[in-house]
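In this note's numbering, the protein residues as written are 618 to 906.
We put the beta carbon where it would ideally sit given N, CA and C, even for glycine.
For reference, the structure discussed in these notes is given below.
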Amino acid sequence: MIKKYLTIDIGGTFIKYSIMDEKYRILEEGSEGTRKNPEEFLKQLETLVLRYKTEVEGAAVCIAGFINPETGENTDDSVGENFRAYNLKQALSTAGDFPVILENDSNCAALGEMVLGAGRGLRDFCLLTFGTGIGGALVLDGNLYRGKHFKAGEAGLTLLRYSMTDGKTSCESAGATSALVREVSRTLGRDVDGIYIFGHLDHPDILKKYNVWLEKAALVTGNTAMLLDPEAVLIGGGICGSPRFIGDLQKTVYHMFPQLEDYTEIRVCETGNQAGRIGALSLFLKQAF
618 MIKKYLTIDI GGTFIKYSIM DEKYRILEEG SEGTRKNPEE FLKQLETLVL RYKTEVEGAA
678 VCIAGFINPE TGENTDDSVG ENFRAYNLKQ ALSTAGDFPV ILENDSNCAA LGEMVLGAGR
738 GLRDFCLLTF GTGIGGALVL DGNLYRGKHF KAGEAGLTLL RYSMTDGKTS CESAGATSAL
798 VREVSRTLGR DVDGIYIFGH LDHPDILKKY NVWLEKAALV TGNTAMLLDP EAVLIGGGIC
858 GSPRFIGDLQ KTVYHMFPQL EDYTEIRVCE TGNQAGRIGA LSLFLKQAF
């Protein structure tokens with residue numbers, strides 16, 4: 618008899634879920650809009666768990682935040698209140714009466730790539746995802762490295778510039794894809810999206826904003842590689858659908874850090890939006906419940 622597992626990727630806009638078997642084959646999948654109200658959000662997830670309660674062996678869940686996988690606590694104040702208001706590991710385990718694992722979404726994406734994607738065969742690699750924010754994860758010596766406070770790999774929180782003038786501080790971090798979209802929209806005086814931007818890079822104002830943003834993305838990527846000396850840096854996020862971006866990022870990183878070209882690859886992630894769910898299930902299957 619095939620064992621089935623409920624895998625859930627909780628995002629700020631959508632909750633995506635799949636029923637998978639032990640070989641990560643998708644037997645069923647779906648998505649629904651993420652409720653913002655904490656009580657409604659919890660009820661939404663409990664309803665999903667109850668729907669499959671009698672069919673699966675347990676649930677593997679990934680979500681944004683600083684997640685203690687043992688306790689289920691999320692200590693990231695930058696995520697929505699709905700993500701932090703309840704201990705989802707405990708609540709969903711109670712609702713389903715089965716085991717639940719809860720892990721950071723970028724960490725799970727890295728594991729998903731190690732199982733079925735661009736991280737196969739690698740022992741040491743980093744993952745950076747460019748989206749609403751910049752997510753990050755580290756796999757060292759074949760194992761996920763979370764850090765003492767479950768914040769390892771958070772490259773998006775690093776600063777590229779810091780100064781103080783007249784008692785006022787000014788700092789700059791690398792902007793995620795959302796920052797590029799905001800800058801271009803402000804320049805054009807109307808709202809555009811990433812697809813529009815990459816389709817109009819021949820526009821001088823758009824290209825200028827893109828190049829400034831690209832340099833920041835390259836600095837984060839190159840600094841991460843220099844600090845950790847991985848075999849590869851994997852790049853994820855919706856922007857990876859643009860061959861132009863990956864080529865530009867590789868060229869810019871290797872121009873800034875020429876030594877990296879000899880020993881650190883910059884690879885595109887391969888498992889798409891299933892990465893987090895695959896990685897979460899890989900963690901679940903390693904547990905001895």
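For residue i and residue j, what's the separation of their Cα atoms in angstroms?
| i | j | result |
| --- | --- | --- |
| F906 | F715 | 9 Å |
| G858 | L665 | 30 Å |
| L836 | F747 | 13 Å |
| G811 | V798 | 6 Å |
| L851 | R642 | 23 Å |
| E698 | E663 | 17 Å |
| C788 | S780 | 6 Å |
| A791 | K833 | 5 Å |
| K785 | E657 | 41 Å |
| Y622 | V673 | 5 Å |
| E645 | G736 | 25 Å |
| G729 | L900 | 10 Å |
Between the Cα of residue i and those of the options, spot the shortest distance and give me the residue it belongs to.
| i | options | result |
| --- | --- | --- |
| G864 | S790, L831, V717 | L831 |
| T888 | G855, K826, G806 | G855 |
| T804 | H820, G792, G816 | H820 |
| I947 | R701, M637, T688 | In the structure as shown, the chain begins at 618 and stops at 906. Residue 947 is therefore absent and cannot be evaluated. |
| G629 | E730, G750, A726 | G750 |
| Q891 | K670, D722, G816, E649 | D722 |
| I625 | V801, V850, Y669 | Y669 |
| L845 | G753, L776, G792, T688 | G753 |
| F815 | R861, E645, T688 | R861 |
| L824 | V801, A735, K868 | V801 |
| T671 | F631, H766, A712 | A712 |
| F631 | Q661, M637, L745 | Q661 |
| S635 | R894, L902, F901, L900 | R894 |
Could you check if residue i is buried or exposed, using at least 16 other CB atoms within 10 Å of its CB as the buried criterion?
| i | result |
| --- | --- |
| L755 | buried |
| M618 | exposed |
| K633 | buried |
| Q559 | Residue coverage of the chain in this structure runs from 618 to 906, which leaves residue 559 outside it and unanswerable. |
| C886 | buried |
| D694 | exposed |
| E720 | buried |
| P590 | There is no way to answer for residue 590, as the model of the chain reaches only from 618 to 906. |
| D758 | exposed |
| T651 | buried |
| K826 | buried |
I'd like the list of long-range same chain contacts for residue i, defined as Cβ closer than 7 Å, with 5 residues on each side in sequence excluded.
| i | result |
| --- | --- |
| S717 | In the sequence as presented, Ser is not what sits at residue 717; that position holds Val. Within the same chain, V717 has close Cβ partners G675, A676, V678, K706, L709, S710. |
| L659 | Y703, A708 |
Take residue i and list the residues in its own chain whose beta-carbon comes closer than 8 Å to its own, dropping the five residues that flank it on each side.
| i | result |
| --- | --- |
| E690 | I684, N704 |
| V870 | A835, T838, G839, A842, L877, I883 |
| L818 | L824, Y827, R861 |
Given residue i, which residues of its chain have a CB within under 6 Å of its CB, disregarding the five upstream and five downstream residues?
| i | result |
| --- | --- |
| T881 | A842 |
| A769 | L755, Y762, R763 |
In chain order, what are the residue ranges of uninterrupted beta strand (DSSP E) at least 3 long that sit wholly in the stretch 639 to 714? 643 to 650, 676 to 680
Within the stretch 749 to 815, ranges of the alpha helix (DSSP H) (whole runs, at least 4 residues): 794 to 805
Please give me, in chain order, every unbroken run of the beta strand (DSSP E) with length at least 3 that falls completely inside the stretch 820 to 890. 849 to 853, 882 to 885
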